[in-house]
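Residue numbers (the working numbering): 570 to 1093.
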């Protein structure tokens, strides 16, 4: 059934000429798997006059300065770019961005408080009985079909020297599995574990936010790999939005004579994208109550972690964050803290060195809750954010060197910052939560980011592989086995988080490289 949303509203506004998008409408969502035509407006003198008048109202009439020089297709392209802009919001965005930019240098020390002990659960300090209670609650919710995963996967692997979506990156494991495949198989495994508890298989819906540039390659990749064993209707792609780039006077920058300069609106754009694409409606229609949200580039992510979900459900939380203990006072990571009585992530640059180094009576850093982009949301909370509070999200501003068209119509690339790009961050909704809780997890079990090429020596393929190998050796040791050597990989289809390995490895000794393969392939 067609839900009446335009392709522009769905985020499919990247190309100017009429083109066919593979898409299939599934329950009101534009699911890219059949064919739909993107209409191209036919420019007319009336359109030009309407555009000039409308732009003049918001002091952006320079956007059509070169209209007389454009051909029909270029005019259609520019008209579409302008139509996608929310002109009524433009001045508000720039004004709020200016305020945010002026606040960036302000330290928050005097307004800052650490998370109270009663609001944070440490996995390391929690009894096995309690963790099992949370795990069972989470598996109950999964088995009853009430859990979905919200994946932020808009980025390309540019810094990895990889020009495809980062989720398609082969980290170099023995299995050559990509990030997408590893995470898909963890979903399959936790569904199976839930079925063993509940007696029926709940299907976890995987909502994947892509960008304009990664959406089609991501879709093609999933389709070519038969969705890695997931049902096709479990995988729902939707597109991240973008925001215009401004010069310092609040004028939207022209990237070309017929193109408005835009940049992705950050991972916090997920809330508006979910509302505009129909994802919020789909969540409600499917009866989903809880969502686990995370970024694609953590190789150790426990997707749809039943302990995390169970804890949040038991606590009746509407929003939560997983954190890891900061490795040192000067680790350049944001921390979850309380500012003026509200939870938020405080960036490293917003805290003085003196405050960052403060310690409790037990010797721990007072502000130690390192943010790892790993969150829980109730569906009701996401609905409230998407339909109401999204417009109040803080804007994060960066001064950038932005290519522009000069008065003569020539495209130039400046050698110093000439404008601003605006982003929203996914964690800036914490302050709107009525019940917010935090779970501290062991870094070596749950967090290893993949952001850089190996030359960086940190958060790179080599460190990601090493962290996974180390964790999987630990799983085997805890199950009564022994691994001699470094390389050790356990398929998610064999074990989600080290469970049920004793019958396979107990009392056995393995020599690296070790690879516990998928059940259908046997064990090496």
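Beta carbons: idealized from backbone N, C-alpha and C, even for Gly.
Original post:
What span of residues does the alpha helix (DSSP H) with residue 646 cover, start to end?
Top reply: 641 to 653
Original post:
Are any of the Cβ atoms in chain D nearer than 8 Å to that of residue 930?
Top reply: Among the chains of the structure shown, chain D does not appear; only one protein chain is present.
**OP:** Just confirm the distance between the C-beta atoms of residue 621 and residue 630, as a whole number of angstroms; I'd bet it's less than 8 Å.
**Re:** 6 Å
Subject >> Every unbroken beta strand (DSSP E) inside the region 858 to 912 [3 residues or more] >> reply: 859 to 864, 888 to 894, 904 to 908
Subject >> Separation of residue 858 from residue 879, as counted between CA atoms >> reply: 12 Å
Subject >> DSSP state of residue 769 mapped onto helix, strand, coil >> reply: coil
Original post:
Helix, strand or coil for residue 976 per DSSP?
Top reply: coil
Original post:
First and last residue of the alpha helix (DSSP H) that includes residue 787?
Top reply: 784 to 793
Subject >> Rounded separation between residue 689 and residue 1071 - CA only >> reply: 32 Å
Original post:
Using the rule of at least 16 other Cβ atoms within 10 Å of the residue's Cβ for burial, across every protein chain shown, is residue 593 buried or exposed?
Top reply: Unreliable placement is indicated for residue 593, whose pLDDT of 34 sits below 50; the coordinate value is still reported in the next sentence. When all chains shown are included, residue 593 counts as exposed.
Subject >> Simplified DSSP state of residue 776, which is helix, strand or coil >> reply: strand
**OP:** Express the C-alpha separation of residue 814 and residue 605 in angstroms, rounding to a whole number.
**Re:** Its pLDDT being 33, under 50, residue 605 is placed unreliably by the model, and the measurement read from it follows with that caveat. Between residue 605 and residue 814, the C-alpha separation is close to 30 Å.
Original post:
If you draw a straight line from the C-alpha of residue 802 to the C-alpha of residue 874, how long is it?
Top reply: 21 Å
Original post:
Closest to residue 940 by CA distance: which of 709, 910, 1032, 1016 is it?
Top reply: 1016
**OP:** Could you check if residue 982 is buried or exposed, using at least 16 other CB atoms within 10 Å of its CB as the buried criterion?
**Re:** exposed
**OP:** Return the first residue and the last residue of the alpha helix (DSSP H) that residue 699 is part of.
**Re:** 697 to 712
Original post:
residue 754: buried (16+ other C-beta within 10 angstroms of its C-beta) or exposed?
Top reply: buried
Original post:
Which value, in whole angstroms, describes the spacing of the CA atoms of residue 902 and residue 895?
Top reply: 8 Å
Original post:
Using the rule of at least 16 other Cβ atoms within 10 Å of the residue's Cβ for burial, across every protein chain shown, is residue 836 buried or exposed?
Top reply: buried
Original post:
What does DSSP give as the partner residues of residue 725 in its beta bridges?
Top reply: 734
**OP:** Starting from the N-terminal side, write out each stretch of the beta strand (DSSP E) that is 3 residues or longer and does not extend beyond the region 1015 to 1065.
**Re:** 1051 to 1053, 1057 to 1059
**OP:** May I ask which residues mark the beginning and end of the alpha helix (DSSP H) holding residue 660?
**Re:** 656 to 672
Original post:
From residue 735 to residue 722, what does the alpha carbon distance come to, in whole angstroms?
Top reply: 7 Å
Subject >> Three-state secondary structure (DSSP) of residue 987 >> reply: coil
Original post:
residue 899: buried (16+ other C-beta within 10 angstroms of its C-beta) or exposed?
Top reply: exposed
**OP:** In the DSSP assignment, find the beta strand (DSSP E) that holds residue 939 and state where it starts and stops.
**Re:** 938 to 947
**OP:** Give the straight-line distance between the Cα atoms of residue 1030 and residue 747, rounded to the nearest whole angstrom.
**Re:** 11 Å
Subject >> residue 614, DSSP secondary structure in three states >> reply: helix
Original post:
Does the separation of the CB atoms of residue 682 and residue 907 fall below 8 Å?
Top reply: yes
Original post:
Smallest Cα separation from residue 817: which of 695, 634, 968?
Top reply: 968
Original post:
Looking at C-alpha atoms only, which residue of 943, 904, 947 is the closest neighbour of residue 917?
Top reply: 904
**OP:** Tell me, please, which residues DSSP counts as bridged to residue 1080.
**Re:** 1053
Subject >> Where residue 1008 sits in the DSSP three-state scheme >> reply: strand
Original post:
residue 819 to residue 995, Cα distance in whole Å?
Top reply: 25 Å
**OP:** Would you tell me roughly how many angstroms separate the C-alpha atoms of residue 1013 and residue 1033, rounded to the nearest one?
**Re:** 11 Å
**OP:** Can you tell me which of 854, 869, 924, 971 puts its alpha carbon nearest to the alpha carbon of residue 952?
**Re:** 854
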